[in-house]
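Here is the structure we will look at.
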Amino acid sequence: MKSKIEEILRKAVGSGPVDIFVPEKENFGHYSTNIALRLAKPSGKTPLEFAKELAEKIAVSAPAGLFEKVEAAPPGFVNFWLAKETVQNEFAKAAKEKTFGRSAAHKNKTVIVEYSQPNIGKMMHVGHLRTTIIGDALANIFEYLGYKVIRWNYLGDWGTQFGKLIAAYKTWGDKRKVKEHPIDELQKLYVRFHDEAKRDPMLEMQGQAEFKKLEDGDKENRKLWEWFKKESLKELDKIYATLGVGFDTYIGESFFEKNMRPLVEELRNEGILTKSGGALIVNLDALKLPPALVLKADGASLYLTRDIAALRYRIIKFKPEKILYVVGNEQSLHFEQLFAIAKILRMDKAELKHVKYGLVLGEAGTKLATREGRTILLKDVLRKAIELARKVVDEKNPALQAKVKDKIAEAVGVGALKYNDLKENRNSDITFNWERMLDFTGDSGPYLQYTYARLKSIIRKSQTSNLKSQKFEMLNSDIELALMRKIFEFPDEVARAGEALMTSTLAAYLHKLAVLANKFYETTPVLKEENPVRRAALLSLISVAAETLKNGLALLGIETTEEI
RNA sequence: GCCCCCGUAGCUCAAUGGAUAGAGCAGCGCUCUUCUAAGGCGUUGAUGUGGGUCCGAUUCCUACCGGGGGCACCA
47 MKSKIEEILR KAVGSGPVDI FVPEKENFGH YSTNIALRLA KPSGKTPLEF
97 AKELAEKIAV SAPAGLFEKV EAAPPGFVNF WLAKETVQNE FAKAAKEKTF
147 GRSAAHKNKT VIVEYSQPNI GKMMHVGHLR TTIIGDALAN IFEYLGYKVI
197 RWNYLGDWGT QFGKLIAAYK TWGDKRKVKE HPIDELQKLY VRFHDEAKRD
247 PMLEMQGQAE FKKLEDGDKE NRKLWEWFKK ESLKELDKIY ATLGVGFDTY
297 IGESFFEKNM RPLVEELRNE GILTKSGGAL IVNLDALKLP PALVLKADGA
347 SLYLTRDIAA LRYRIIKFKP EKILYVVGNE QSLHFEQLFA IAKILRMDKA
397 ELKHVKYGLV LGEAGTKLAT REGRTILLKD VLRKAIELAR KVVDEKNPAL
447 QAKVKDKIAE AVGVGALKYN DLKENRNSDI TFNWERMLDF TGDSGPYLQY
497 TYARLKSIIR KSQTSNLKSQ KFEMLNSDIE LALMRKIFEF PDEVARAGEA
547 LMTSTLAAYL HKLAVLANKF YETTPVLKEE NPVRRAALLS LISVAAETLK
597 NGLALLGIET TEEI
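Rendered as structure tokens:
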């Protein structure tokens with residue numbers, strides 16, 4: 047609908063960009079534009095005059111019966127109200143299409159979304175939640191918009207940290223213990239290493255040496271590394287299963303190990319390498335960036351070096367239109383440097399975007415650090431959320447079967463965590479707060495899931511299988527029309543989320559949709575409706591509203607259940 | 001010191017340069033013999049400070065104040 051009005055508007059104003067938006071309040075129209083405010087000046091008219099003329103022009107030129115009215119409003123808006131019939135017809139179209147809003151417009155375009163990126167040998171903590179669910183949601187959105195999406199879990203499976211882990215294992219490790227609880231033990235070793243390294247600087251060098259050996263192909267270190275990686279992946283899979291998140295590839299940093307030497311050669315040939323304190327750097331003064339270190343004095347590679355190689359690989363192999371790096375704010379400099387070097391190496395054909403987000407800070411408001419043992423484990427957060435959800439289900443809906451309750455608890459617990467994060471768009475840091483994360487009321491995941499379940503409950507009780515009524519002229523009340531309009535805004539909202547790389551606008555839209563659905567629920571008794579034609583139309587409306595909620599939540603990676 | 005992010009209601013967050021700055025929580029008052037009260041209705045309450053650009057600034061520029069993060073051999 048939005049694009050249709052834009053087209054009409056474009057015809058009326060001639061050329062140039064036009065922009066239609068849905069105003070906050072209905073008394074400013076169903077759709078609105080501020081174009082008169084922008085175009086009035088060169089015409090010598092006041093914005094309001096310009097808007098009035100534009101409104102009159104459109105009222106005449108628009109297809110008959112499309113609008114109920116088109117009005118100018120101070121200081122110079124043009125507001126559009128759709129006719130009832132337009133709303134009903136447009137809704138009918140949405141109701142007919144199963145894949146409403148899904149587009150094929152970008153069929154041949156590839157987007158690589160890099161997200162989650164856990165480190166092998168360490169447990170995932172709350173910080174990983176943001177990258178994992180934001181990345182997953184963006185991947186879903188781009189798929190919906192018709193892109194070919196590559197979901198890339200770029201594992202942190204290489205680097206000095208493994209030298210440190212290997213050194214720690216060799217010094218204090220107990221093979222039997224590690225076999226029993228691999229990740230717990232490895233994490234303990236890692237923390238101990240950093241703890242003792244504070245007192246014993248030799249340890250740090252030992253760690254670096256072990257990594258160098260690993261990178262040089264030392265058999266024992268290689269074996270240990272493989273073992274740690276295997277165990278880590280098992281652990282990670284459990285978390286991803288709970289989160290309902292999947293990937294197309296787990297190719298991580300270690301994959302690019304073999305590219306390090308040629309890459310350094312290439313950088314040398316480009317003439318952009320400088321020696322500095324034994325290490326090799328790329329000077330980025332011209333771009334007002336600090337120098338980027340690409341090879342350590344001992345000849346071992348670095349995160350950035352591997353990232354350059356990974357970028358090269360992706361561009362050659364997949365020819366993506368965009369690469370989205372869903373990584374925390376704290377790595378801004380790293381990506382500025384990476385993108386700068388990409389430009390120098392002429393690897394900037396793809397649109398490279400650092401999709402950044404604020405840090406999750408501890409309850410004290412400071413950074414959580416695994417290496418110092420200050421961390422909140424993701425598995426604990428998930429477990430706690432699901433347990434709490436289970437308690438609430440028991441309270442609210444005790445009659446359900448235990449198995450059903452478990453399923454609901456998982457959907458609700460995980461949904462609450464995800465929605466809580468995805469509804470926010472700010473780059474600002476989040477201070478970790480159990481209460482807020484596990485709030486199941488108000489503008490929350492469970493609220494949307496609850497709305498869905500309520501709607502489905504009506505349909506179940508109606509004992510009708512035919513939900514295909516198209517007699518939408520029977521639906522005339524303000525709330526019914528408002529709900530229909532909100533539903534067919536769905537594709538516009540998905541497109542907007544994709545353009546802005548933002549999940550918050552989509553979450554806000556779904557919340558508004560749910561508010562309308564609940565208002566409808568409270569004010570319109572459906573099963574008591576005596577007119578069978580209207581009853582069928584109402585059921586059809588409920589069915590489409592529920593589907594839209596379900597589809598929207600699915601884009602955010604949130605499950606819905608029939609009962610809650 | 002330099003760079004990045006942020007500062008909106010008591011709290012946690014919204015607001016593609018536009019209209020009367022939106023939600024949720026907490027508070028207060030209603031609302032379950034009616035399709036799930038995880039709900040609905042009502043109500044109290046906010047743009048860090050000073051300049052600037054603009055017809056119009058929470059949004060852009062600038063200075064300051066405050067919080068968080070980063071700044072070479074971690075990732």
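In the numbering used here, the protein residues as written are 47 to 610.
All C-beta atoms, glycine included, are put in the ideal place defined by N, C-alpha and C.
Bear in mind the structure is a predicted one, so any value in this text is a computation, not a measurement.
Comparing alpha carbon positions, the residue from 185, 321 and 281 closest to residue 226 is 281. For residue 392, the secondary structure class from DSSP, reduced to helix, strand or coil, is coil. Only exposed fits residue 72, as fewer than 16 other CB atoms lie within 10 angstroms of its CB.
In the three-state reduction of the DSSP assignment, residue 198 falls in the strand class, which pools E and B.
Note on the segment 253 to 331: whole alpha helix (DSSP H) runs with a minimum of 4 residues are 265 to 289 and 306 to 316, in chain order.
The Cβ-Cβ distance between residue 464 and residue 491 falls below 8 Å.
Within the same chain, 319 come within 6 Å of residue 313 by CB-CB distance, once the 5 residues on both sides are set aside. The three-state reading of DSSP puts residue 478 in coil, since its state is none of H, G, I, E or B. Contact check for residue 100 against residue 64 fails: the beta carbons are separated by 8 Å or more. Secondary structure note for residue 341: its beta strand (DSSP E) is the uninterrupted segment 338 to 341.
Runs of the beta strand (DSSP E) lying entirely within the segment 88 to 138 and spanning at least 3 residues, in chain order: 113 to 119 and 123 to 128. Pairing residue 609 with residue 566 gives a Cβ-Cβ distance that is not under 8 Å. Taking one beta carbon from each stretch, the segment 96 to 114 and the segment 48 to 56 have 3 or more pairs nearer than 8 Å; the two touch.
For residue 62, the closest C-alpha among the options 76, 84 and 186 is that of 84. In the displayed model, residue 374 falls within a strand according to three-state DSSP. In this structure, residue 256 and residue 212 form a Cβ contact; the two beta carbons are roughly 4 Å apart against a cut-off of 8 Å.
Annotation for residue 261: 346 place their beta carbon closer than 6 Å to its own, counting only its chain and skipping 5 residues before and after. In the DSSP assignment, residue 428 falls outside any beta strand (DSSP E) and lies within the alpha helix (DSSP H) extending over 424 to 442. The beta carbons of residue 595 and residue 560 sit closer together than 8 Å. Residue nearest to residue 388 within the set 403, 536 and 352 is 352 (criterion: CA-CA distance). Here residue 406 is near residue 176, since their CB atoms are less than 8 Å apart. When 294, 359, 266 and 384 are compared, the shortest CA-CA separation from residue 302 is found for 359.
If you draw a straight line from the Cα of residue 216 to the Cα of residue 208, it comes to about 12 Å. Residue 169 sits away from residue 534, with the two beta carbons spaced by 8 Å or more. The residue among 180, 121 and 304 with its C-alpha nearest the C-alpha of residue 87 is 121. Between residue 599 and residue 513, the CB-CB gap reaches or exceeds 8 Å.
The C-beta of residue 248 has fewer than 16 other C-beta atoms within 10 Å across all chains shown, which makes the residue exposed. Look at the beta carbons and you see the segment 229 to 247 not touching the segment 384 to 403: under three pairs across the two are nearer than 8 Å. Fully enclosed alpha helix (DSSP H) runs of no fewer than 4 residues occupy 448 to 468 and 480 to 483 of the segment 448 to 506, in order along the chain.
Inclusion of residue 342 and residue 348 in the CB contact set at 8 Å is warranted, their separation being smaller than that value. For residue 78, the enclosing beta strand (DSSP E) stretches over residues 77 to 79.
Between residue 162 and residue 174, the CB-CB gap stays under 8 Å.
Following the DSSP letters along the chain, one finds residue 400 inside the beta strand (DSSP E) bounded by residues 397 to 403.
The alpha helix (DSSP H) runs lying completely inside the segment 212 to 258 and spanning 4 residues or more are 221 to 226 and 228 to 245, given in chain order. Residue environment: residue 362 is assigned as exposed (fewer than 16 neighbouring CB atoms within 10 Å of its CB, all protein chains considered). For the pair residue 571 and residue 508, the Cα-to-Cα distance works out to about 12 Å.
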